[in-house]
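Top line first, the protein sequences correspond to chains A and B. Using the working numbering, read the first sequence as starting at 1 and increasing by one per residue. Using the working numbering, read the second sequence as starting at 120 and increasing by one per residue. Here is the structure we will look at.
Number of protein chains: 2
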Amino acid sequence: MHLVPADRAGRRTIDGHRVCDAIEAIGDAGHVRAWADRFSLLADPGRLALLLALDRTGPLAVSDLAVATGMNDPAVSQALRLLRAAGVVEGRKDGRVVRYRIVDARVRGLLGHCAADAG
Amino acid sequence: MHLVPADRAGRRTIDGHRVCDAIEAIGDAGHVRAWADRFSLLADPGRLALLLALDRTGPLAVSDLAVATGMNDPAVSQALRLLRAAGVVEGRKDGRVVRYRIVDARVRGLLGHCAADAG
DNA sequence: TCCATACCTGCGCAGATGTGCAGCTATGCA
DNA sequence: TGCATAGCTGCACATCTGCGCAGGTATGGA
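Given below as structure tokens:
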């Protein structure tokens, strides 16, 4: 298997066959970047707190999220905008209240790891 | 249950009872921060590629990781230093070669989500 | 009509972070 | 002893990102 791209084929390797295994394990670069972006969304304590609250409590209004997390309204709004743009959460308008919920199954799976570790 | 801290108790809420549920779901602030830091380590495409390679291929030398990921040696070394400081990977010296492997079970669990999604 | 509330946006700043380059140390082999 | 290789480190740079403040829009009630 010649999995090593041409631009790196000339380099020395220690365990040549393992390099091919590693390249196969890494997979498509776009796939890696997509997951890195996903992790990046969870890498902020504020956003992570918001998502943990939404994951276990269900649809929540922006003001309530602000009180629950101790953040101020603009910070929550900003965080939710990012998450909404990434397709992680979705907001439903009900009068002048907007309630958010998580719509991304993969993110929900990751949040499960945190919650399970809480004990 | 009066789970709302005193400094936020005066704020208006939309669904008061849900705020308490949310606070309970979020849990300890240190716990949230710890997980955010963990996610932060996986939020870089370079580090994520390294970890995916190590997770499925086993102990790998720095040079081989550099070839497999397309990064240059200092970048790989820097990334591994971060991961080692966080207790995620561990390096074993064998002659002048250092082979790294993953030693953090929680990170390994998260990597499983990426790998499972690869198909 | 007027006002309070719920949410959103833009701007500016401080802090953190990834990157490339040059150079250093240590190991193994001839 | 001399040299090439494996790996590590320090510095300087550009970039990004979260945060707070001020202000804007829209909904609902008096």
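Each residue gets a CB set at the ideal place from its N, CA and C atoms; glycine is no exception. Remember, predicted model here, so these are calculated numbers, not experimental data.
Name the two residues that bound the continuous alpha helix (DSSP H) containing residue 67/A. Position 67 of the first sequence, counting from 1, holds the residue named residue 67/A. Here the alpha helix (DSSP H) through residue 67/A covers 62-69.
So does the segment 106-114 of chain A actually touch the segment 23-34 of chain A, counting three or more Cβ pairs closer than 8 Å?
-> no
Any beta carbon from chain A within less than 9 Å of residue 221/B's own beta carbon? For the purposes of this step, residue 221/B is taken as residue 102 along the second sequence, with counting starting at 1. For residue 221/B, the answer is no, since every Cβ of chain A falls outside 9 Å of its Cβ.
I need the boundaries of the beta strand (DSSP E) containing residue 207/B, first residue and last residue. Looking up residue 207/B in the second sequence gives position 88. Run containing residue 207/B: none; DSSP gives neither H nor E here.
* What does a CB cutoff of less than 6 Å around residue 48/A pick up in its chain, not counting 5 residues either side in sequence? -> Counting from 1 along the first sequence, the entry for residue 48/A is found at position 48. Within the same chain, residue 48/A has close Cβ partners 42.
Practice problem: Have a look at residue 148/B and residue 236/B and give me their C-alpha separation to the nearest angstrom. | Solution: Sequence index remark: in the second sequence, residue 148/B carries index 29 (1-based). Sequence index remark: in the second sequence, residue 236/B carries index 117 (1-based). Their backbone Cα atoms lie some 30 Å apart in a straight line.
Please report whether the beta-carbon of residue 76/A lies at a distance below 9 Å from any beta-carbon of chain B. For this step, residue 76/A is matched to residue 76 along the first sequence. Judged by the 9 Å Cβ criterion, residue 76/A is not in contact with chain B.
Nearest-angstrom Cα separation, counted from residue 66/A out to residue 21/A: Residue mapping note: residue 21/A aligns to position 21 of the first sequence, counting from 1. Residue mapping note: residue 66/A aligns to position 66 of the first sequence, counting from 1. Looking at the two C-alpha atoms, the distance is approximately 46 Å.
inquiry  = Looking only at its chain, what residues have a beta carbon closer than 6 Å to the beta carbon of residue 210/B, apart from the 5 residues adjacent to it on each side?
reply    = In the second sequence, the residue the question calls residue 210/B occupies position 91. If we look at residue 210/B and ignore the five residues flanking it on each side, its Cβ neighbours are 217, 219.
Q. What residue ranges within the segment 11-73 of chain A form continuous beta strand (DSSP E) runs of no fewer than 3 residues, ordered along the chain?
A. none
Item checked: Buried or exposed by the 16-neighbour rule on C-beta atoms within 10 Å, applied to residue 55/A -> Stepping through the first sequence from its first residue, residue 55/A is reached at position 55. Its Cβ being crowded by 16 or more others within 10 Å, residue 55/A is buried.
Check your understanding: How would you list, in chain order, the residues of chain B whose beta-carbon sits under 7 Å from the beta-carbon of residue 43/A?
Key -> Along the first sequence, one-based indexing puts residue 43/A at 43. Ordered by position in chain B, the residues that pass the 7 Å Cβ test against residue 43/A are 155, 158, 159, 162.
For residue 236/B, which three-state DSSP category applies?
-> By one-based count along the second sequence, residue 236/B stands at place 117. It is coil, neither helix nor strand.
Taking Cβ positions, are residue 76/A and residue 89/A nearer each other than 9 Å? The sequence position of residue 76/A within the first sequence is 76, counting from 1. The sequence position of residue 89/A within the first sequence is 89, counting from 1. Cβ distance not < 9 Å, so residue 76/A and residue 89/A don't count as in contact.
Open item on the list: Contact criterion: CB-CB distance below 9 Å. Does residue 199/B meet it with respect to chain A?
Closed with: Taking the first residue of the second sequence as position 1, residue 199/B is located at position 80. Among the CB atoms of chain A, none fall inside 9 Å of the CB of residue 199/B.
So for residue 223/B, helix, strand or coil by DSSP? Along the second sequence, one-based indexing puts residue 223/B at 104. It is coil, neither helix nor strand.
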